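Visitor:
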Amino acid sequence: MSKEYAFADEPEFLHKAKELVAAGVNPERITTYTPIPVHGLEEALRRKSSFLKFFTLFGGLTGCITGFSFTIYTVYRWAFETSETSWPWGLITGGKPPASIPAYTIIAFELTILFGAICTLLGFLLLARMPKVFSLVPEKEYGNQFVIVVADEERS
Amino acid sequence: MSHTATQTQEAHAGPPASAVRDQIDQDVLVAMKKPGKLFWVLVAGCFSVFLFGQALYGNVLAKGYGMLGVQHPVSWGIPIVDFVFWVGIAHSGTLISAILLLFRAKFRNRFNRQAEAMTVISVLCAGMYPVLHTGRPWMIFFTMPYPTERQLWINFRSPLTWDVFAVSTYLTVSVIFFFVGMIPDLAIARRYSTGIRRWIYGLLSLGWRGTDAQWKHYEKLCLFLAAFATPLVLSVHSVVSWDFAMSMLPGWHTTIFAPYFVAGAIFSGCGMVMTLVIPMRKIFRLEKYITLDHFDKLCKLIMLTSMIVGYAYLIEIAMSRYGTNLFERALFDHRMGGYYKIAFWLMVFCNCIAPLSLWVKRLRRSIPWLFVLSILINVGMWLERYVIVVTSLANDFDPYNWGYYHPTLYDVGLTTMNFGFFFGMFLLFCRFLPMMSIMEVKEDIK
Amino acid sequence: MRIPALVVSFLLAAGGVALAGGGEHSPAEKSGGELLYVLLFFVAICQGLIAVGAVATFAKARWILPVRKHVFSMYPMLWLLAGAFLVWGLVSADAYRWTQNQSRWLNQDYWLVRNFGLMCLTAFFGTLLAREAVKEGPHAVKLAVAYLFSYVATQSLVAFDWVMSFEYPWYSTLFGGFFFMEALLSGFATTAFFWYSLQSKMDPVRFEATKGQRRDMAAMHFGFSIFWAYLMFSQLIVIWYSNLPEDTEFFLRRMPPHGPQWLETAMYSVLGLMFVVPFCALLSRKLKETPIVPATVACVTLTGILLERIVYLAPHLRLNPALISVYFVGFLLSFVACVTYRNGLLPAGPDVDAAPAHQAAH
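Protein chains in written order, with our numbering: chain A, -13 to 142; chain B, 2 to 447; chain C, 405 to 766.
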């Protein structure tokens, strides 16, 4: 018994959404289906802003730390097993210092981006609750209309 | 206020907004209907070129790497030229979709899907070359980070390893960006298809509905991916340029390589975008979506990057004469007046002189000239990589070590092979995936 | 009162930097580089500011509108800088070692003529552009392009001729590009001061409406700081990796045992000031929108540029802090005068303060 309001265009749709919220309808009950993102809808429906940035930050930091620690670890790894002294002297190639920060910065930079992008994608899938495995093909498609669906009061 | 807006709408007597959007859907998805015979002939043609190239390479593997013209001293020949060429083309796609998104340049949304597809396919093409040019492609796993039996890992200080990380990251992020951008459009394709295809598009679009929650996260996702892709554009081609700059060879060991290569990459990629979009626009009748104004703006980007490339040429030549480094001076004399001078001057013509024509407004808006220019740009940028790679190796420090590169049929085969792959894959992209960014065009055309 | 406080703190930082480079701590023998040092700083800021204006004019950008007049009021400074350079070039050019052994390119007369000529050309186009762009006249875009060409040429020669020739025969092909990008960065950074000063002058509702524009300019500052770090890293990695003596002498001269320790510390500080601080401070959207934050970060960036100039000049020239302060304050007062009297210097243009509210929200 949910109510549906379909509009052909954005301004009327946004106006109705604001009207519904002002009339006291709980924004949690309102779902909208639009062909394009509508600016101002988030504020109108009083949604919290997206948490995606935390996934991005986490991914980026992990990538950066992994980049440096992985490269520096591998260079000292060989020395740990073979050196007799307690100080690992590290594997030298091309006359570069074992912990060659300028070179490893490039690796760390690429991993920052790689992990950041992958974490952001996974965060999106989690937050947007996609893929909807059991309803990949929806029964009802609204096409190019802007639709507001207000769910029943009984549904939580 | 809405009353006056409706009055103005009636005064202009245009179709209602939802009908316009339906029309956009139809126009762009027209390529996804059953194609004619010509399409399959073209695809078959492209992939036969690819397979023929593979067969030629098979011959190289059987008889030895010497079948290619790559010898001492020019041990990096056409395979590496092609690698840099294709990676360069990929960058422009990311610039158009990601960087122009951050700068809010609206004209990008008519090109960005094609550009993103171009990026993914070019990175695949580029990735083949380091594998092929080893001569022992079954050993390519050596480049992956793993500990050998002696607990020795790969050399993270080597530019070739930086390349592995950079190009793999670039491939992954480009595929993610390409796929994510298509999700709403795949949902539209799902809506218009039936049967098994509907199910496949449903799977690919991950069940996208277009709810406000999904849009909220989606917009942030695109923004963050664009923010990640932007430094990738700069860093990946810089890392590729550092394959050369980390050496000591005159003509290679120079600090300007990183931004110079990036500008050149964007330049060559924009040329390739035009080469692809001009016929596509004609064949699928998308003239009203991709207008002359959009090409005008793309041309301005081409002019800017052409000028940066020209500046880099000038500075390199000037600096070669500035210092006391005799080898650098001699190398540039060889580049300009030696065995490869035709390649050099043709490169200068295609990259610096021909784009000067774009200062004339009429030429910026003339589709035939733009198509010709885009081919010249592709040729010129391929030649630039050829000149950079081959001349520095051919004429290095010791005259006794000089030697000239003579490409064989197999080198040419390796080059044309990936052109076949690229165009074949692009045709398949047009057929099976939404070829323009429907959602963004709808946002634009209100 | 907040702008003077910011400026004073910046001057103190600058003073500290000047002390660092001058006096008995300098390893150099020659003196007389004070005017050059101050010129190197102001040429970046003033030409960079007008370059920012030129870029905005070309892109028909809205983010610059409220501070457009501030930005374009710099054009008299371009003439002042050209004149000051001529004075320095005529009087003190023997600070360069190549004046003892001149060649076709590094030849005192040609050097003076080409640099002074290009600075005058830039000043000329800058003047025309400033007056045309504020009026939003028909030739603004063409003049913006002309200015940008002469700006690139001038800044490239500032890098190659004024700074890099001290190091002859060392060269870096990216040096010219590095300087003109750095000047553009300093232009974006300096606009933060203008926004900050507008906060007390504009009515609060209108100022709030400029939030999107301020965020955009802080984003440009952020982006260009990263780009600066990229260009610096490009030069560093090539020199570090190949380890050729003819390249590394640039750095070795500035590190123990061949150079003083403070100079090595200064090099690392430049990286911290010009990349690390702007990156961390301007990452968050909220911080970009609070006017004090971009203004403080701008102070940090400009101090970084001052320190960087010391890093370039210290091994070659003794810098007297008192004289630096005199020149610096002189140019700073001219800068402030230009901005304050911008309405007199520039023609009246369309009303830019009335930015419609809905355009700010993007």
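Just so you know, even glycine gets a beta-carbon here, dropped at the ideal spot from N, CA and C.
Remember, it's a predicted structure, so these values are computed and weren't measured experimentally.
#1: Are the CB atoms of L648 of chain C and M249 of chain B nearer to each other than 8 Å?
#2: Tell me, please, whether the region 27 to 38 of chain B touches the region 395 to 407 of chain B by the rule of three or more beta-carbon pairs shorter than 8 Å.
#3: S239 of chain B CB to nearest chain C CB: under 8 Å?
#4: Please list, in chain order, all residues of the same chain as I104 of chain A whose beta carbon is under 8 Å from its beta carbon, the five residues on each side excluded.
#5: State whether the region 280 to 294 of chain B contacts the region 335 to 353 of chain B, with contact taken as three or more CB pairs (one from each stretch) at a distance under 8 Å.
#6: Any contact between the region 509 to 523 of chain C and the region 477 to 488 of chain C? By contact I mean 3 or more CB pairs, one from each, below 8 Å.
#7: Compare the beta carbon distance of I309 of chain B and A264 of chain B with 8 Å and say whether it is the shorter of the two.
#8: Starting from Y(-9) of chain A and walking both ways along the alpha helix (DSSP H), at which residues does that stretch end?
#9: Quick check: what's the CA-CA separation for H13 of chain B versus G49 of chain A?
#10: Taking CB distances under 8 Å as the criterion, tell me whether I99 of chain A reaches chain B.
#11: Tell me the rounded alpha-carbon separation between L453 of chain C and L721 of chain C.
#12: Using a Cβ-Cβ cutoff of 7 Å, what residues of the region 621 to 641 of chain C are near chain A? List them in chain order.
#13: Could you tell me the alpha carbon to alpha carbon distance between C703 of chain C and A448 of chain C, rounded to whole angstroms?
#14: Is the separation between the beta-carbon of L233 of chain B and that of I51 of chain A shorter than 8 Å?
#15: Between R15 of chain A and chain B, is there a C-beta pair that is closer than 8 Å?
#16: Along chain C, which residues have their Cβ under 7 Å away from the Cβ of H295 of chain B?
#17: What residues in its chain sit with their C-beta under 6 Å from that of S123 of chain B, if we drop five residues either side in the sequence?
#18: Does chain C have any CB closer than 8 Å to the CB of L0 of chain A?
#19: Tell me, please, whether the CB atom of G581 of chain C is closer than 8 Å to any CB atom in chain B?
#20: For the region 505 to 520 of chain C, list every residue whose C-beta sits within 7 Å of some C-beta in chain B, in sequence order.
#21: At least one CB of chain C closer than 8 Å to the CB of H218 of chain B: is that the case?
#22: Distance, Cα to Cα, T7 of chain B vs R32 of chain A?
#23: Counting along the chain, where does the beta strand (DSSP E) carrying Y19 of chain A start and finish?
#24: Who are the near neighbours of W574 of chain C in its chain, counting only those whose CB is closer than 8 Å to its CB and skipping five residues on each side?
#25: Can you tell me where the alpha helix (DSSP H) with I122 of chain B in it begins and where it stops?
#26: Is L686 of chain C helix, strand or coil when you go by DSSP?
#27: With a threshold of 16 other CB atoms inside 10 Å of the CB of P760 of chain C, please say whether the residue is buried or exposed.
#28: Between the C-alpha atoms of A764 of chain C and E29 of chain A, what's the straight-line distance to the nearest angstrom?
#29: Which chain B residues are close to L47 of chain A, counting only those with a beta carbon under 8 Å from its beta carbon?
#30: Is C684 of chain C buried or exposed, if buried means 16 or more other CB atoms sit within 10 Å of its CB?
#31: Which term fits A266 of chain B, buried or exposed, when burial requires 16 or more other beta carbons within 10 angstroms of its beta carbon?
#32: Does DSSP put V71 of chain B in a helix, a strand or coil?
#33: My output table needs one value for F1 of chain B: the three-state DSSP class, helix, strand or coil.
#34: Which first and last residues belong to the alpha helix (DSSP H) in which V240 of chain B is found?
#35: Mind checking who S435 of chain C pairs with in its DSSP beta bridge?
#36: Just the C-alpha distance for L635 of chain C and P260 of chain B, rounded to the nearest angstrom, thanks.
Guide: Result, derived from the coordinates:
#1: Position 244 of the third sequence, counted from the start, is the residue given in the question as residue 648 of chain C. Position 248 of the second sequence, counted from the start, is the residue given in the question as residue 249 of chain B. Taking 8 Å as the Cβ cut-off, L648 of chain C and M249 of chain B qualify as a contacting pair.
#2: With the rule of 3 Cβ pairs closer than 8 Å, the region 27 to 38 of chain B does not count as touching the region 395 to 407 of chain B.
#3: Residue numbering aside, residue 239 of chain B sits at position 238 when the second sequence is read from its first letter. So, interface residue.
#4: If you number the first sequence from 1, residue 104 of chain A lands on position 118. Hits under 8 Å: G45.
#5: no
#6: yes
#7: Taking the first residue of the second sequence as position 1, residue 309 of chain B is located at position 308. Taking the first residue of the second sequence as position 1, residue 264 of chain B is located at position 263. Yes, the Cβ-Cβ distance between I309 of chain B and A264 of chain B is below 8 Å.
#8: Position 5 of the first sequence, counting from 1, holds the residue named residue -9 of chain A. Counting along the chain, Y(-9) of chain A falls outside any alpha helix (DSSP H), though it belongs to the beta strand (DSSP E) covering -11 to -7.
#9: In the second sequence, the residue the question calls residue 13 of chain B occupies position 12. In the first sequence, the residue the question calls residue 49 of chain A occupies position 63. Low confidence applies here, because H13 of chain B scores a pLDDT of 47, under 50, leaving its location unreliable; read the following figure in that light. Rounded to whole angstroms, H13 of chain B to G49 of chain A spans 54 Å at the Cα level.
#10: If you number the first sequence from 1, residue 99 of chain A lands on position 113. So yes, I99 of chain A belongs to the interface.
#11: Position 49 of the third sequence, counted from the first residue, corresponds to residue 453 of chain C. Position 317 of the third sequence, counted from the first residue, corresponds to residue 721 of chain C. L453 of chain C and L721 of chain C: Cα-Cα distance of roughly 28 Å.
#12: L640, I641
#13: Counting from one through the third sequence, the residue named residue 703 of chain C turns up at place 299. Counting from one through the third sequence, the residue named residue 448 of chain C turns up at place 44. Taking the straight line from one Cα to the other gives about 15 Å.
#14: Looking up residue 233 of chain B in the second sequence gives position 232. Looking up residue 51 of chain A in the first sequence gives position 65. No, the Cβ-Cβ distance between L233 of chain B and I51 of chain A is not below 8 Å.
#15: Against the first sequence, residue 15 of chain A aligns to sequence position 29. For R15 of chain A, the nearest beta carbon of chain B is not closer than 8 Å to its own beta carbon.
#16: In the second sequence, counting from the first residue as 1, residue 295 of chain B sits at position 294. Under the 7 Å cutoff, chain C gives no residues; its nearest Cβ is about 16 Å from H295 of chain B.
#17: Translated into positions along the second sequence, residue 123 of chain B becomes position 122. Result list for S123 of chain B: W87, I90, A91, in chain order.
#18: Working through the first sequence from its first residue, we reach residue 0 of chain A at position 14. Closer than 8 Å: no.
#19: Position 177 of the third sequence, counted from the start, is the residue given in the question as residue 581 of chain C. Yes, contact with chain B.
#20: W509
#21: Position 217 of the second sequence, counted from the first residue, corresponds to residue 218 of chain B. No - not a single Cβ of chain C is within 8 Å of the one on H218 of chain B.
#22: Taking the second sequence and counting its residues from 1, the one referred to as residue 7 of chain B is at position 6. Taking the first sequence and counting its residues from 1, the one referred to as residue 32 of chain A is at position 46. Low per-residue confidence applies at T7 of chain B: pLDDT is 42, beneath 50, and the placement is therefore not dependable enough to give any value.
#23: Residue 19 of chain A sits at position 33 when you count from the first residue of the first sequence. 16 to 19 is the extent of the beta strand (DSSP E) around Y19 of chain A.
#24: Within the third sequence, residue 574 of chain C is the residue found at index 170, counting from 1. M568, E650, D651, E653, F654, listed in sequence order.
#25: Within the second sequence, numbered from 1, the residue matching residue 122 of chain B stands at position 121. Run containing I122 of chain B: 113 to 134, per the alpha helix (DSSP H) assignment.
#26: In the third sequence, the residue the question calls residue 686 of chain C occupies position 282. Shown here, L686 of chain C sits in coil according to DSSP, grouped into three states, outside any helix or strand.
#27: Locating residue 760 of chain C in the third sequence gives position 356, where the first residue counts as 1. Below a pLDDT of 50, predicted positions are generally treated as unreliable, and P760 of chain C, at 47, falls in that range; no measurement from the model is reported.
#28: For the purposes of this step, residue 764 of chain C is taken as the residue at position 360 of the third sequence. For the purposes of this step, residue 29 of chain A is taken as the residue at position 43 of the first sequence. For A764 of chain C, the predicted model reports a pLDDT of 41, less than 50, meaning its position is unreliable; a value from the coordinates is still stated below. Near 16 Å, if we compare the C-alpha coordinates of E29 of chain A and A764 of chain C.
#29: Along the first sequence, read from residue 1 onward, the residue named residue 47 of chain A stands at position 61. The contacting residues do not exist; L47 of chain A stays about 13 Å from chain B at best.
#30: As a position in the third sequence, residue 684 of chain C is number 280, starting the count at 1. Under the 10 Å beta carbon count, C684 of chain C is surrounded by fewer than 16 other beta carbons and is classified as exposed.
#31: In the second sequence, residue 266 of chain B corresponds to position 265, counting from 1. Buried is the call here.
#32: Counted from its first residue, the second sequence places residue 71 of chain B at position 70. In this structure, V71 of chain B counts as coil in the three-state DSSP scheme.
#33: Outside the displayed span of chain B (2 to 447) sits residue 1 of chain B, for which this structure offers no information.
#34: Numbered from 1 along the second sequence, position 239 holds the residue referred to as residue 240 of chain B. Taken as a continuous stretch (DSSP letters only), the alpha helix (DSSP H) holding V240 of chain B covers 213 to 246.
#35: In the third sequence, residue 435 of chain C corresponds to position 31, counting from 1. DSSP, once it has assigned bridges, lists C:R722 as partnering S435 of chain C.
#36: Numbered from 1 along the third sequence, position 231 holds the residue referred to as residue 635 of chain C. Numbered from 1 along the second sequence, position 259 holds the residue referred to as residue 260 of chain B. Taking the straight line from one Cα to the other gives about 8 Å.
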